[in-house]
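Here the sequence shown stands for residues -31 to -1, 1 to 306, where the numbers follow mature numbering (1 follows the signal peptide of the UniProt record, and there is no 0).
From the three backbone atoms N, C-alpha and C, an ideal C-beta is built for every residue, glycine too.
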Amino acid sequence: MLMKKRSHTCLIAFSMASLVLLMMLLYGTFSTQQPGSHGFRHDYQLLGRPLYKLDLSWPRNPEMFTGDVFAVTVNQYSGVVYVAQRGDNVPKVLVFTTDGDFLMSWNTTTLEMPHGIFLADAASSNPYRVDHRCGERPVLGTPGKAGTGLNPLQFDQPAEIFIDDSGEMYIVDGDGGMNNRLIKLSKEQEVLWMHGEKGQGLAQFYIPHSVAVDNAQRVWVADRGNKRIQVFNSITGDWLGTWGSCFTEDAPYSVRLTPDRKYFVVVQLNTNQISLLDAPPVGLIGQCRVVSVIQLADEVKPHLLDLDLKTGALYVAEIGAQQAQKFTPFSLGGSFL
């Protein structure tokens, strides 16, 4: 059962083939909500360059959403989308095809306050799930105990994990708990480097909420409480730069890179926006620049997102509207590739 009061215990849980880390010119306005569509909020506007459009056919069974939809991850090899939700007496993960067909759901009574989900090895269909609380084994962290330790490794309300092709893990730990950390682990789960100071300075964090790694050895962290994205060298952990000018109104909650590596996709929960930012070339961080915005309806509250690395489609978990939505790219017939 999900307890209504958040506990200060946490973990990152593993399980075979189940829950493992669980300026702008107005371009157009769309309002496509239909009666009887389970309260789905399809209202949105496109600002700036039109890069994405809503896929109204996904999913074909929106009535399956019965809880707070907080995270989503995509297996581009099998064409499967995992949607995570939380709440009392609701299935914790819903599984759809990328075409929108509902496949299955599963539940668990041990992951009580899940926060993020990530597909570490898409080819083997093993998703990874981040939990604010503690439950399933084997795990990273100490079940039932929040902490700051590295040996043994402890967490307090970790927000998200990103695992690169080598199996190395990047964890942002501190969605309101005692930690404000970015930790890199080897594929053997040994700590390689860490930044763990709370504050507003360089390489300090206040509620780090999302993390992504690009192909230029750069780690991008949505430093939510400080309304900025910080960038680090993935090998050494050295601080490389900060983007803050794009987030004066609201903080970045989720960050991902499009498969063509041209744009970062950033979710801003309080302003109900999905922004696409120009990705800088290798060797340069520079200043952030917003090129496109998907302005969602009020109270949708987008939380975390993921992209299909084959088609470029993005999937957004919307915790306020209790739904997930799919947006497809305009370019090249719906694909960035």
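1. Short check: CB of Val182 to CB of Ile254, under 8 Å?
2. Taking the beta carbon of Glu287 as the centre, do at least 16 other beta carbons fall within 10 Å, making it buried, or is it exposed?
3. Going by alpha carbons, who is nearest to Gln292 out of Val41, His164, Pro112 and Arg18?
4. With a cut-off of 8 Å on the beta carbons, I'd call Ile243 and Pro221 a contact; round off their distance for me.
5. Please name the residue, chosen from Asp68, Asp37, Pro250 and Ser203, that lies closest to Asp229 on a Cα-to-Cα basis.
6. Hey, quick one: how far does the beta strand (DSSP E) through Arg187 stretch, first residue to last?
7. Do you know offhand how far Phe216's Cα is from Ser223's?
8. Measuring CA to CA, which of Leu122, Ile152 and His164 is closest to Ile132?
9. Hey, how far is the Cα of Lys61 from the Cα of Glu157?
10. Is residue 335 near Lys22, with beta carbons less than 8 Å apart?
11. Going straight from the alpha carbon of Leu161 to that of Asp142, what length do you get?
12. I'd like the span of the beta strand (DSSP E) that includes Phe216, first residue to last.
13. Just tell me which of Arg29, Leu209, Gly289 and Leu88 has its CA closest to the CA of Asp70.
14. Identify which residue in Pro177, Leu88 and Arg150 has its Cα closest to the Cα of Asp134.
So, to answer that:
1. One-based indexing of the sequence shown puts residue 182 at position 213. One-based indexing of the sequence shown puts residue 254 at position 285. No, Cβ-Cβ distance for Val182 and Ile254 is not below 8 Å.
2. Position 318 of the sequence shown, counted from the first residue, corresponds to residue 287. Glu287 comes out buried.
3. Residue 292 sits at position 323 when you count from the first residue of the sequence shown. Among Val41, His164, Pro112 and Arg18, the Cα nearest to that of Gln292 belongs to Val41.
4. The residue you call residue 243 lines up with position 274 of the sequence shown. The residue you call residue 221 lines up with position 252 of the sequence shown. Rounded, the Cβ-Cβ distance is 11 Å, inconsistent with contact.
5. The residue labelled residue 229 in the question sits at position 260 within the sequence shown. Answer by Cα proximity: Pro250.
6. Position 218 of the sequence shown holds residue 187. Per DSSP, Arg187 belongs to the beta strand (DSSP E) from Arg187 to Asp192.
7. As a working mapping, residue 216 is identified with position 247 in the sequence shown. As a working mapping, residue 223 is identified with position 254 in the sequence shown. Their Cα atoms are separated by approximately 12 Å.
8. For this step, residue 132 is matched to residue 163 along the sequence shown. Here the closest residue by C-alpha is Ile152.
9. Position 92 of the sequence shown, counted from the first residue, corresponds to residue 61. Position 188 of the sequence shown, counted from the first residue, corresponds to residue 157. Rounded to whole angstroms, Lys61 to Glu157 spans 28 Å at the Cα level.
10. Coverage of the chain is limited to positions -31 through 306, which leaves residue 335 absent and any answer about it impossible.
11. Walking along the sequence shown from the start, residue 161 turns up at place 192. Walking along the sequence shown from the start, residue 142 turns up at place 173. Those two C-alpha atoms are separated by around 15 Å.
12. Counted from its first residue, the sequence shown places residue 216 at position 247. Segment: none, Phe216 is in no beta strand (DSSP E) and carries neither H nor E.
13. One-based indexing of the sequence shown puts residue 70 at position 101. For the residues Arg29, Leu209, Gly289 and Leu88, the minimum Cα distance to Asp70 belongs to Arg29.
14. Along the sequence shown, one-based indexing puts residue 134 at 165. Comparing Cα-Cα distances from Asp134 to each of Pro177, Leu88 and Arg150, the minimum goes to Leu88.
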